[in-house]
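What follows is a short report on a single structure.
So this is what it looks like as structure tokens:
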């Protein structure tokens, strides 16, 4: 009997437990705002946030959020911030901070302080920052700076100064240090401390043009009593740099010009020389400022004089007075100390010399190239010199340049020069015995050393070799690190923008995480952002990343438009990829819109040609149609796909002016003569993309694509 009772009780407990489990799964227990965990996360991932506004946040809302798992309060705070629910976002961050053992505590504190500063709640910012240091007892440069900002805006200047003076400035970026200098200067001024005026002058003489200088000038503009410590000329100088920092270069140079003539201190520092030179060049009012700059420069001595001389020469270079640059620098190069000023001087001198004396340029390159100290200067110089020599048809000098390129050039420099020399021999611009074998030697060298480049595709085509376009497999997975964990956390909550921002601030991100960020950007149709992100992080091209590097949405539309106008759809695919990265929302600085990056006036012309009155350039199909119409017009005008692509990028007016200068050159050499590096690189990028699209999407070999673009190259 007793055994039966025990059995009955045991069975009853089992049934009760089963009922409890069923109830737990079917009612609100374990749910987040009435949703199962998977349902909640799916809504967050697809950014279906409407349900968040219906929640009663007065109840156990934070507890429910934490059911999502470790770090949920931190990550969900960004979701609420993005939905303008700042108060609850702040509460979530504070909850994470209160957990003293939390892995997320320091970053939650940084984010909370950032949001409070944006809300101008400086009292709470200070309180939470101090609470962090009391609780965690860990130094954090970013939180220290946020604490300083909070105290600064409360005018607690006597507390601001000791904090700034005790900082390890090596923990901060240049911009952050500029800002700290400004805060220290203003706090010193408000306390009436001796020497604040010199600190203020130092801001404008030693900092680069930036919003910091604009803020600094606003201090004496809003509080003119502090400006009484400075002369009229000084205040004019401060105003000019503030205008320059805001992009108003024209009015800035108008103020600067009389100061250059009359004030000894205007070019007294290296940075002031750089700032004023930038203002003058950006204003495009250069000739009128040459004499004032020279007058100010001639008051200087030593290293400061040499720095000013280099900047003065750069003004002449900008207006293409190359003889003046050579005359100014030739006798002074040896006296300029090694470093950036020396590199800049050599860059200006050698580039200018290539324009006026092709007979001497090769020997001067041989003498000076090993005296460069900075990265990329050598390649930049050689790139420009090659272009200038092609423009001048200085074929002997180009061939003589080959030894310099071997010693000092990059692989791409060498490929470019080898390609040009092979065409010089092909067109008999210079007679050479054993012509065919010499050409083959240069082409073989390109193929062997620079595989999968623009020049290797051309060389392979001429050698009638098939480019072996086999994409490698992705690298093997490795254990994720701390930075990877942060990024994956953002991605888990659909916060790809935050993941991208975090990724830009750190290094050593694993390939698998980089690909995941890129895929999410691609899924959001942010193709251009994905391209830039992968390029910045050196993501290799392989079977895994190809579709991210070479997306092809709207493929059917592209084929339809290209077929309608009878030009190669691989080229139009490559052109759109080069123009916009297939990001339909892109608007350039100049105002070009959409996938094919059409200017509004150009689009209007195409609409008239097509008989379309009402249109939307942001509509992908319309944009592809109008871009195709414009490209077709250019091909009809130039009877050349390469020149049409150059005109698409730089404008028909530029191509027309270049044709007047070197229009007798064949297309492949005309490209090498283009003076704008962006445009000169534009066509190789377009052709390379076209080749990849041809191989992977349209079953065309690289040889077939090259033949469509350069039918007369063989």
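In my numbering, the protein residues as written are 34 to 747.
Just so you know, even glycine gets a beta-carbon here, dropped at the ideal spot from N, CA and C.
- For residue 345, the enclosing alpha helix (DSSP H) has its first and last residue at 335–351.
- CA-CA distance, residue 66 to residue 511, rounds to 37 Å.
- Between residue 328 and residue 294 a beta carbon distance of about 5 Å is seen, short of the 8 Å cut, so the two are scored as contacting.
- For residue 738 against residue 594, the beta-carbon gap comes to about 18 Å, at or over 8 Å, which does not count as contact.
- Between the alpha carbons of residue 647 and residue 554 lies a gap of roughly 32 Å.
- Using a C-beta cut-off of 8 Å, the stretch 625–644 makes no contact with the stretch 725–745, since fewer than three inter-stretch Cβ pairs fall below that distance.
- Annotation: residue 68 is outside any alpha helix (DSSP H) and is labelled neither H nor E by DSSP.
- Scanning its chain for C-beta atoms nearer than 6 Å, with the 5 sequence neighbours on each side dropped, one finds around residue 532 the residues 520, 523, 524 and 550, in chain order.
- A distance of 8 Å or more separates the beta carbons of residue 580 and residue 617.
- Residue state for residue 528 is assigned as coil, using DSSP reduced to three classes.
- Judged by their CB atoms, residue 185 and residue 176 are not nearer to each other than the 8 Å cut-off.
- When rounded, the separation of the alpha-carbon atoms in residue 657 and residue 731 is 18 Å.
- Between the C-alpha atoms of residue 153 and residue 236 there is a straight-line separation of about 25 Å.
- Just so you know, the alpha carbons of residue 144 and residue 560 end up roughly 28 Å apart.
- For residue 77, the three-state secondary structure derived from DSSP is helix.
- Shown here for residue 415: same chain residues with a beta carbon closer than 6 Å to its own, the five before and five after excluded, namely 442 and 446 in chain order.
- If you draw a straight line from the Cα of residue 256 to the Cα of residue 250, it comes to about 10 Å.
- The beta carbons of residue 141 and residue 159 sit no closer together than 8 Å.
- Secondary structure of residue 572 (DSSP, three-state): coil.
- The DSSP-derived three-state label of residue 620 is strand.
- The Cβ-Cβ distance between residue 728 and residue 502 falls below 8 Å.
- A Cβ-Cβ contact shorter than 8 Å links residue 574 with residue 504.
- Rounded to whole angstroms, the Cβ separation of residue 381 and residue 358 is 5 Å, and the two are in contact under 8 Å.
- One Cα belongs to residue 211, the other to residue 203, and the distance between them is close to 12 Å.
- The Cβ neighbour count for residue 529, taken over all protein chains shown within 10 Å, is at least 16; the residue is labelled buried.
- The beta carbon of residue 474 is closer than 8 Å to none in its chain, skipping five residues each way along the sequence.
- The shortest C-alpha to C-alpha distance from residue 400 to any of 84, 437 and 705 is the one to 437.
- Boundaries for residue 298: no alpha helix (DSSP H) harbours it, and the DSSP string shows neither H nor E there.
- Remark: fewer than three beta-carbon pairs, one from each stretch, lie closer than 8 Å, so the stretch 85–99 and the stretch 130–138 are not flagged as touching.
- Excluding the 5 residues flanking it on each side, residue 84 has same chain C-beta neighbours closer than 8 Å at 66, 68 and 76, in chain order.
- Inside the stretch 394–476, DSSP marks whole alpha helix (DSSP H) runs of 4 or more residues at positions 410–424, 428–433, 435–441 and 444–459, from first to last along the chain.
- When the five nearest sequence neighbours on each side are left out, the beta carbons in the same chain lying within less than 8 Å of the beta carbon of residue 402 are those of 411, 414, 437, 440 and 441, in order along the chain.
- Out of 572, 477 and 489, the CA that lies nearest to the CA of residue 508 is found in 572.
- DSSP places residue 729 inside the alpha helix (DSSP H), whose first and last residues are 710–730.
- In the displayed model, residue 626 falls within a strand according to three-state DSSP.
- CA-to-CA, the gap between residue 513 and residue 565 works out to about 23 Å.
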